[in-house]
Amino acid sequence: MSVPDYMQCAEDHQTVLVVVQPVGIVPEDQFFRIYKRIASVAQVSIRDSQRNLYIRYRHHYLPENNDWGDFQTHRKVVGLICVTTCGSGKEWPQTSERFHGQKEVFGATLYDSRLLVFGLQGEIAEQQRTDVAFYPSYDDCPDVEKKVEDFVESIFIVLESKRLDRATDKSGDKIPLLCVPFEKKDFVGLDTDSRHYKKRCQGRMRKHVGDLCLQAGMLQDALVHYHMAVELLRSVNDFLWLGAALEGLCSASVIFHYPGGTAGKAAGRNPSAAQGQAADAGKRHRPGALTTNGISADTSSEIGRAKNCLSPEDIIEKYKEAISYYGKYKNAGVIELEACVKAVRVLAIQKRAMEASEFLQNAVYINLGQLSEEEKIQRYSILSELYYLIGFHRKSAFFKRVAAMQCVAPTIPEPGWRACYKLLLETLPGYSLSLDPKDFSKGAHRGWAAVQMRLLHELVYASRRMGNPGLSVRHLSFLLQTMLDFLSDQEKKEVTQSLENYTSKCPGGMEVITLPDGLRLHPVPFTKLPIVRSVKLLDLPVSLRPHKQKGLMENSMSTKSPFIYSPIIMHNRGEERNKKIDFQWVQGDVCEVQLMVYNPMPFELRVENMGLLTSGVEFESLPAALSLPAESGLYPVTLVGVPRTAGNITVNGYHTSVFGVTSDCLLDSLTSVRTSGCLVEVIPSLPRLQLSTSLPRSAHPLQPSKEELSSSVSVQLFNGETQQLTITLENIGSEDLETLEITSKISNTKDGISVTGLPISSPLRQVLKPRAETRPPGSESSKTDYNHVKMLEAVMTFKYSGGAGKVEGYYRDLTLGLHVDVEPSVFFTRVSTLPATSTRQCHLLLDVFNSTEHELTVSAQNNQDLVLHASECQRMAIQVDKFDFDTLPQPDQETVRYTSLKLLEEERLHAQASMINSTLGITWDIPSVRRKGEASVEGVLNQLVLDHLQLAPLQWDVMVNGKPCDCDIIADCKVGDAVPLEVKLTNRSKNTVGPFALTVVPFQDYQNGVQNYDLQDAVTFIGSNTFYIDTVNPSEESLCLGALLFLYSGDFYLNIKFQDDSVGKEPGAGQGKELPLSWFGLPSIHIRAQEAPMEAGA
Amino acid sequence: MAVCIAVIAKENYPLYIRSVPTQNELKFHYTVHTSLDVVEEKISAVGKAMADQRELYLGLLYPTEDYKVYLTDYISVPSPKMFRKLHNSFTDVMCNPFYNPGDTIQSKAFDGMVSAMMVQAS
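Chains A and B, in that order, give the protein sequences.
Per the UniProt record's numbering, the very first residue in the first sequence carries number 1; after that it's consecutive.
Per the UniProt record's numbering, the very first residue in the second sequence carries number 1; after that it's consecutive.
Here it is, written out as structure tokens:
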């Protein structure tokens, strides 16, 4: 006996073995249909007794095993049912022959046999035979079960008779010695008359009767017989049979204690019957116990029952003993192994796992000689199953894996990869490995990585050999994703390489793979290739950011909390993710999400087709491909897309394609990803303006970068230079531009730059004109001071809107920063005035300094050009007409009221200075670099100079001989003639002036520094030499007349001296202060008196 | 001779595992892994009986083909000397403020201890 029946359990000892076999040609499926129907008759209640007969059916049984039938009667084939197809009567004899042949095989042990003939009709089928049943077809055989029951009853009758025969067979007849096959040769020539031999015969027979009793449903009898057999066999040291007797005892006790059976659910023996038995187990009458009734002649009584039956603990003890006895015989390996299995099943019921494991451990080492591969697989599988039964899941998994490996052992010509794969899958729970990647997303992986990895590798390999590359890809992806931390660099390389090999044939995807047995393999998103650390939705670039119209601005402040400020920040990640971000995206515009990723692999990682997964809004994702260097640090990756509709968009995750496996990675399942929110509002589309300028763009940010600028230009100018800038706006969006508003703002200096040319015309012209630096002229500073470059900045804002976005009240800002580096050109280091000969004019003296490195020409209106070398300073004199500042426009009342005095004063000064500037028109020109510009004196003018340049409010006109006399005009007169002198005062000031007193003093200038005022003899006044001018009201005139008489010829000068007479009583009491001296700039008068005509006349 | 020493966390995954014949490490992984069934069984059985009077040195788990698997519990001082040393070393590891309970043990001192145990016994 070499093939163990691993499915055996203790209660099988009470069954009778019936073999069901096909004879001739029987279709397999038909046979098994019939076999199943036969096998359903597993328990038959015997009429007239309350005993049950249990039947074990086999469709395959080695006759060799049958030889052990005397040793344990349940191994003996006592019934044979043959199933055959017989098409016609002709075949019948042959079929019958075959049936008999089959009977021969088990002939010695058979109690009865049956032949089920299918397909035969007619004469032969009509005959009534007990051992043959005819059915027209496999589908038309309603009474198969009935026939089988009859058959079983007939077996019972034989069994019962045999039992009675043997049980009562103690009357001195010679008891035959029962043997197992390998014993037969040992007993040759043994003394059959010895007491020892007799006892042995008796003991073995007792044991045999016990078996029969057990099969016949007489449990108590069986127990008694077994006990007696143990006694007898122990005394003669017949260990093999002693073991069998002990095992019989155990079996009977197990049947008594565990009426539900020990096979467990897996064995599936008539479950309804088992349940029924279990239900009334407590009060149930064991068939064997019913001694008062029926044909049973149980020798034991109710009293003896408890004594004879083993306690659960004893059962195990006896099993141990039995197994130890079996172990003495090498040829009884199968018996020993089966006993172990049976004991384990009992222990499993008793929940004594530790002891069970000892039995199993023992079973593992029972050597059954050379096993076929199939037997090995069976053995390992059953070990796995038994370990599972006792709760040793790891052991179970271990053996299952061994069985799986056995399926594909190299010695097997046709490896069963499918079976291997199936078995491997079954080991997963034992290694606490779930194939759902979600179970791995929570924190660090904890488990037996080494063994789990091995198992995954095996799954990959098995599925590949099965010819299911999709499955291998899924398993390999899983391995890579979940075991990444445990893979060595070399392994990482290998795994990814083979993954790429597989995916080249079968790309991995996100679909759930359902295996034939219903196991669902969830997709494995590669959330670790690359690892994403943070996800950040980016605002649009400044120029494209939408703004809400102020008027339409809703209360954007969060009204959730009654507090304006709270230091408590809710650290709730989930909430944070759902939080709406406080900027908007615009429909139709490219929006960006920045991911910080890193590559954990020791080689370059190519990620293809990386894009965003969104919901809420129709979104066109524009996937990117990236390549991350080996074990990179955090790398920013920007994923872009275009929202196609308006609404709220949620970024749910991203998708990638790595090593040919596409993954959808959802942020919800990635707890390690930091994000500041994934929900953002998409507003309806707006036009998009593109700005270009005639000047090159500058990367140079404006100095005070309080606001972000869409673009900026920078230009280098010399002080006073003018540069034209053309700004072109182009609508590159899909919406029409409906409104455009332009404003400009000078950012850092108050009046350093002037932007003129607004409002817009096409093309838009902007004139930039840096002004001279404001520098107090008095401060003498070193020349290097003038060399510093000054920066001027201005911002132009284009506010525009249109399309659907405008309806919603959104607009966009486009800002252009102007950055001007102003290099100094010319400076006026000093300014002063010299009175000109005319009171209406004066000389402006300017010290001009060329601070450039070039030769420079300075020119002013009506003046000669002045050439200045680099860093040269020269004085320039310009004769200018005095200015009448009163013609400047006066600020209106409104402005005056709301502006501070100081400001007004500045305003006035500025207006005056620009008037002077424009009159002077000083320009510079650097021929070598073809640059030219203006030079402003504005900054250097001080009050004194201004006063000098101003026309006095009181205008004095002196007429000699009726001719206006001013400057260098020489009035001619004749000696002896009265020369009329007219002094006219025009009051252009706002106040009434006067009265004044003017005294005319004549003198002679000898041109040598000597002035002679002693001219009483030479000049006589006709009338007074003093004029009195009455009060003159504003814009009125006053005229004084007088006359002079020159007595000698010569050059005379008249000095008109002024006396303020307005407050005559208190002369000089402050009036002079009120009216500045310059107001009284009276022209000096040069008169040449000649005699000649007089002489001629004389 | 000790050929493989493993420290197992209470969630039944290895905190530390090291074996002398490095070429067949996986075999030891399997051996230790399957032994855990017995540990689990023993501990649950003990727990049922009396939680306080646990026999912390669980002794010989079972002999496998080539090796005998012994087991000790780290909660309290175990009996045999070899295990006491191991336990002390383990306690040191646990006392390390930078050690995160549940992480795999990466300690030179513990490594050395284990090596000494393996060498000494061999």
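Idealized CB from N, CA, C, for every residue including glycine.
Please read all numbers here as calculations on a predicted model, not as lab measurements.
Anticipated Cβ contact below 8 Å, residue i with residue j, distance rounded
i                      : j               : result
T608 (chain A)         : A625 (chain A)  : Position check: residue 608 (chain A) holds Glu in this sequence, whereas Thr was assumed. Yes, they are in contact, since the Cβ atoms of E608 (chain A) and A625 (chain A) sit about 5 Å apart, within 8 Å.
C141 (chain A)         : L115 (chain A)  : So it is not a contact: roughly 13 Å between Cβ atoms.
residue 1099 (chain A) : L360 (chain A)  : Outside the displayed range of chain A (1 to 1098) lies residue 1099 (chain A), so it cannot be described from this structure.
A997 (chain A)         : T1020 (chain A) : About 20 Å; that fails the 8 Å criterion.
S251 (chain A)         : L310 (chain A)  : Rounded, the Cβ-Cβ distance is 10 Å, inconsistent with contact.
W924 (chain A)         : L846 (chain A)  : W924 (chain A) to L846 (chain A), Cβ: 12 Å. No contact.
C591 (chain A)         : V661 (chain A)  : That pair is no contact at about 27 Å.
L155 (chain A)         : Y111 (chain A)  : The sequence shown places Ile at residue 155 (chain A), not Leu. Yes, I155 (chain A) and Y111 (chain A) are in contact; Cβ-Cβ is about 5 Å, under 8 Å.
P63 (chain A)          : F106 (chain A)  : 6 Å
L595 (chain A)         : V535 (chain A)  : 6 Å
E741 (chain A)         : G803 (chain A)  : Between G803 (chain A) and E741 (chain A) the Cβ distance is about 16 Å, and since that is not below 8 Å, they are no contact.
Opposing strand residues paired with residue i [DSSP bridges]
i               : result
K990 (chain A)  : According to DSSP, K990 (chain A) bridges with nothing at all.
G508 (chain A)  : A:V661
D847 (chain A)  : A:R830 and A:R875
I1056 (chain A) : A:V1000
E681 (chain A)  : A:Q584 and A:N648
C82 (chain A)   : A:Q21 and A:L115
Y138 (chain A)  : DSSP lists no partner for Y138 (chain A).
K548 (chain A)  : A:Y810
Beta carbon of residue i nearer than 8 Å to that of residue j
i               : j               : result
N648 (chain A)  : T614 (chain A)  : no
M959 (chain A)  : E934 (chain A)  : no
H74 (chain A)   : Y35 (chain A)   : no
V1010 (chain A) : S832 (chain A)  : no
L814 (chain A)  : Y800 (chain A)  : yes
L455 (chain A)  : L487 (chain A)  : no
A263 (chain A)  : C9 (chain A)    : yes
L480 (chain A)  : M453 (chain A)  : no
W68 (chain A)   : V180 (chain A)  : yes
T84 (chain A)   : V16 (chain A)   : no
P824 (chain A)  : N719 (chain A)  : yes
W448 (chain A)  : Y461 (chain A)  : no
L80 (chain A)   : V19 (chain A)   : yes
I1022 (chain A) : A1089 (chain A) : no
K438 (chain A)  : S669 (chain A)  : yes
Q584 (chain A)  : S685 (chain A)  : no
Exposure label - residue i; buried when at least 16 CB within 10 Å
i                      : result
L347 (chain A)         : buried
N991 (chain A)         : exposed
R200 (chain A)         : buried
K283 (chain A)         : For K283 (chain A), the predicted model reports a pLDDT of 34, less than 50, meaning its position is unreliable; a value from the coordinates is still stated below. Its Cβ having fewer than 16 others within 10 Å, K283 (chain A) is exposed.
L1013 (chain A)        : According to the sequence provided, residue 1013 (chain A) is Tyr. The question's Leu does not apply to it. Burial call: exposed.
D103 (chain B)         : exposed
H1086 (chain A)        : buried
K963 (chain A)         : exposed
residue 1129 (chain A) : Since the first residue of chain A shown is 1 and the last is 1098, residue 1129 (chain A) is not available in this structure.
M510 (chain A)         : exposed
E302 (chain A)         : Below a pLDDT of 50, predicted positions are generally treated as unreliable, and E302 (chain A), at 43, falls in that range; no measurement from the model is reported.
N367 (chain A)         : exposed
E317 (chain A)         : exposed
S44 (chain B)          : exposed
H475 (chain A)         : buried
P523 (chain A)         : buried
Residues in the region 10-26 of chain B with C-beta within 9 Å of chain A's C-beta atoms, listed in sequence order?
E11, N12, Y13, P14, I17, E25 and L26
Along the region 348-363 of chain A, where does the CB come closer than 7 Å to a CB of chain B? Name the residues.
A353, M354, S357 and Q361
Residues, ordered as in the chain, of the region 393-426 of chain A that lie near chain B by beta-carbon distance below 7 Å:
H393, R394, K395 and F398
Contact residues within the region 78-104 of chain A, judged by C-beta distance below 9 Å to chain B:
none
Please list the residues of the region 145-161 of chain A that have a C-beta atom closer than 9 Å to any C-beta atom in chain B, keeping them in chain order.
none
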